[in-house]
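With the sequence shown counted from 1, adding 838 to any position gets you the working numbering. Built from N, CA and C at the ideal position, the CB exists for glycine as well. First up is the structure itself, then whatever we jot down about it.
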Amino acid sequence: MDFKTDIGYRRKILTKLLDAVMRREADVIEALQLDFGKPPFESVLTETSLVISELKDTIRKIHYRARQKSVFPNLLNFPSRDYIYPEPYGKVLIIAPWNYPFLLAMTPLISAVSAGNSVVLKPSEHTPSVTAIIEIIISEVFDPVHVEVFKGGAEVAEKLLQRRWDYIFFTGSTRVGKIVAKAAAEHLTPVTLELGGKNPCIVDETANLALAAKRIAWGKFMNAGQTCIAPDYVLVKSPVKTEFIGHLKKAIKAMYGENPKHSPDFARIINDSQFRRLTGLIDTTKVVHGGSFDLETHYIAPTIIDNPAMESGIMAEEIFGPLLPILAYDSDADLQNTIGRYEKPLSLYVFTSQKRFAEKIISEYSFGGGCINDTVVHFSNKKLPFGGVGYSGVGRYHGKFGFETFSHYKGIVRKATWLDITLRYAPYEKKFSLIKKILKWF
Ligand code: NAD
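As structure tokens, then:
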């Protein structure tokens, strides 16, 4: 077993992992249901199928990604062969969150293994059923020297962070991301931080309002809003705000029926503390749809909050639940005024039929990634890098970006010995003007 150098071995072990994930898919779906009532359809769409497709893609392309890549040599070094040599970092620590507990543990793990690293994975303490399945899958497939699961909460993660790692990949809140970055700095360990933020969603007056409402409601209320890239709040052009809210209400009813509490397609809030935090953000005087909740079942209805005060709790922090504030705007300055109050978000969405407006927004604001006329779906394309910027994260992964994240790239010049041009060697006397002339050409 030489996972560091044997690419064929890595391919074989990832194929074994694919087989294990496919065999256990039903168990994962059941565990997600047990942990927070995640609808099986969403579990397949947003967790197992993405993991399976990441695995298939990685298995198909691992030899290509892991090969040495030749680059055009610098003629000053003539004659030489220059190439880039990917090497695994070594020992990798992956810390995962609870909201997509299978996907966000397995996807970085697949990339890390494909690049030849060993992994210690610390899944979230809040999803014990999913963690149990992950542990079974990992122990079925990997030798513990290669991949090992450590269960536990913050205390376990803090202990793990005291060890020296060659790479740390963290997904979770910005608050904990800072703790991770500080611990990593102790040994100058490189990190990827996949964090959160307040994701704006802009709807202008030229947008297809009914379709925009449907796509925003889907991206927001999937997983009961506990999605790092869910639209956090909507900025809608003033004249179409009322019409847009009407479409939003219709979209919610069409997806979850008259009473979403009885819908099998609407997830629950993960735990008491998140439930209390979220219900504390609801200002009943501003609710124009939903607003009901039930502590016993951790149910919070898909809720629309019209025009909350900018100073209110709901506009102060990442919501991470099924509460959607709607704000009106009239000008680009209004947009800047609101979006500019917050740190760079993980995603941004703009709904419009004006291409130039969409492009202006994309170029004007800094954010992790996003969509024009849709929400969330950029996550699903492995050809797109996924990651935040500023407070929403550091680094990127998915597909080849994942392989690159977990690899150090050595630049190598293999110099021929049959010729040795003497120009570079001392004594430099009389060579100065010649070298200046030659360097002008490079
Ligand atoms: P969290 O930061 O509370 O926990 C994430 C992980 O860190 C867990 O495994 C937890 O055990 C561990 N942890 C907690 N305290 C720690 C400490 N003091 N030291 C070391 N590790 C510690 O996040 P969460 O509540 O699980 O997830 C929600 C957050 O994650 C949201 O902010 C969301 O936006 C973000 N998120 C980001 C992405 C992304 O891809 N960028 C994806 C999902 C969630």
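Nearest to residue i (by Cα), restricted to the options the options
| i | options | result |
| --- | --- | --- |
| P961 | E1032, R1179, G991 and Y1263 | G991 |
| A953 | Q906, Y1266, S1201 and L913 | Q906 |
| E1156 | R1262, T1260, P1223 and N1037 | N1037 |
| L941 | V882, L1086, S956 and H964 | V882 |
| P982 | R898, I1090, G1057 and S956 | S956 |
| K929 | A864, R1002, S918 and R898 | R1002 |
| T1009 | G1237, K1099 and Y938 | Y938 |
| H1025 | V1074, I1006, K1248 and P1163 | I1006 |
| S1218 | L998, T884, R903 and E1181 | T884 |
| T1065 | V1125, K1052 and V1214 | V1214 |
| T945 | W1056, V859, L1257 and F910 | V859 |
| I1017 | L999, E1197 and T1122 | L999 |
| H1246 | E1096, D857, K989 and D1004 | D1004 |
| P1102 | R849, K876, L893 and F841 | K876 |
| P1183 | I900, E1032, A1092 and F874 | E1032 |
| K850 | K1220, K1275 and V979 | V979 |
| T1243 | I1054, K1088, I1210 and P926 | P926 |
| H1100 | T1012, F1131, L1272 and I1273 | F1131 |
| Y847 | K894, V889 and H901 | H901 |
| V784 | K1220, W1056, R1053 and P935 | Look at the range of the chain in this structure, 839 to 1280, and you will see that residue 784 is not part of it. |
| D857 | P911, I976 and D840 | I976 |
| L1277 | V1125, S1204, N912 and K894 | N912 |
| E1149 | A1166, T1123, R1179 and R1053 | R1179 |
| L855 | C1039, L1165 and H984 | H984 |
| T896 | P1265, A1092 and K1220 | K1220 |
| S891 | I845, N1097, D840 and S949 | S949 |
| K1091 | L888, P1140 and V1029 | P1140 |
| E863 | N1175, D844 and V889 | V889 |
| P1223 | K842, V1232 and H1236 | H1236 |
Three-state secondary structure assigned by DSSP to residue i
| i | result |
| --- | --- |
| Y1266 | coil |
| K1278 | coil |
| H1236 | coil |
| V930 | strand |
| I1259 | coil |
| K1182 | coil |
| S956 | strand |
| S1169 | coil |
| Y902 | helix |
| G1057 | helix |
| I948 | helix |
| P1038 | strand |
| P924 | strand |
| E978 | helix |
| F1205 | coil |
| V985 | strand |
| Y938 | coil |
| R919 | strand |
| H964 | coil |
| I1210 | strand |
| S1191 | coil |
| R862 | coil |
CB contact flag (residue i, residue j, <8 Å)
| i | j | result |
| --- | --- | --- |
| A1022 | I933 | no |
| L921 | S908 | It should be pointed out that residue 921 corresponds to Tyr in this sequence rather than to Leu. Their beta carbons are under 8 Å apart, which means Y921 touches S908 by this criterion. |
| L947 | L959 | yes |
| R1234 | G1225 | yes |
| S1185 | G1208 | yes |
| V951 | L852 | yes |
| L1161 | G1063 | yes |
| K1058 | A1050 | no |
| I1142 | L1086 | yes |
| F1241 | R903 | yes |
| S1076 | D1170 | no |
| H964 | I1120 | no |
| P1163 | Y1094 | no |
| F874 | R1106 | yes |
| S1230 | G1206 | yes |
| D1144 | I1083 | yes |
| L1257 | K1269 | no |
| A1166 | K1079 | yes |
| G1151 | G1118 | yes |
| D1172 | R1053 | no |
Distance cut-off 7 Å: residue i Cβ against heavy atoms of the ligand MN
| i | result |
| --- | --- |
| L1033 | In the structure on display, the ligand MN does not appear, and the ligands it does have are the ligand NAD. |
Residue i at chain C interface by Cβ criterion, 8 Å
| i | result |
| --- | --- |
| S891 | Considering every chain present, this structure includes no chain C. It has just one protein chain. |
Which runs of the beta strand (DSSP E) fall wholly inside the segment 1083-1165 and span at least 3 residues, in chain order?
-> Segments of the beta strand (DSSP E) lying fully in the segment 1083-1165: 1125-1127 and 1141-1144.
Three-pair Cβ contact test at 8 Å for the segment 1040-1056 versus the segment 1188-1201 = yes
Contact the segment 1132-1142 vs the segment 1103-1113: 3+ CB pairs below 8 Å | yes
How do the segment 1243-1261 and the segment 909-918 stand: do at least 3 beta-carbon pairs fall below 8 Å, yes or no?
-> yes
On the three-pair Cβ rule with 8 Å, is the segment 969-979 touching the segment 863-870?
-> Because the criterion of three Cβ pairs below 8 Å is met, the segment 969-979 and the segment 863-870 touch.
Unbroken alpha helix (DSSP H) runs of length 4 or more, entirely within the segment 994-1043: which are they?
-> 1012-1023
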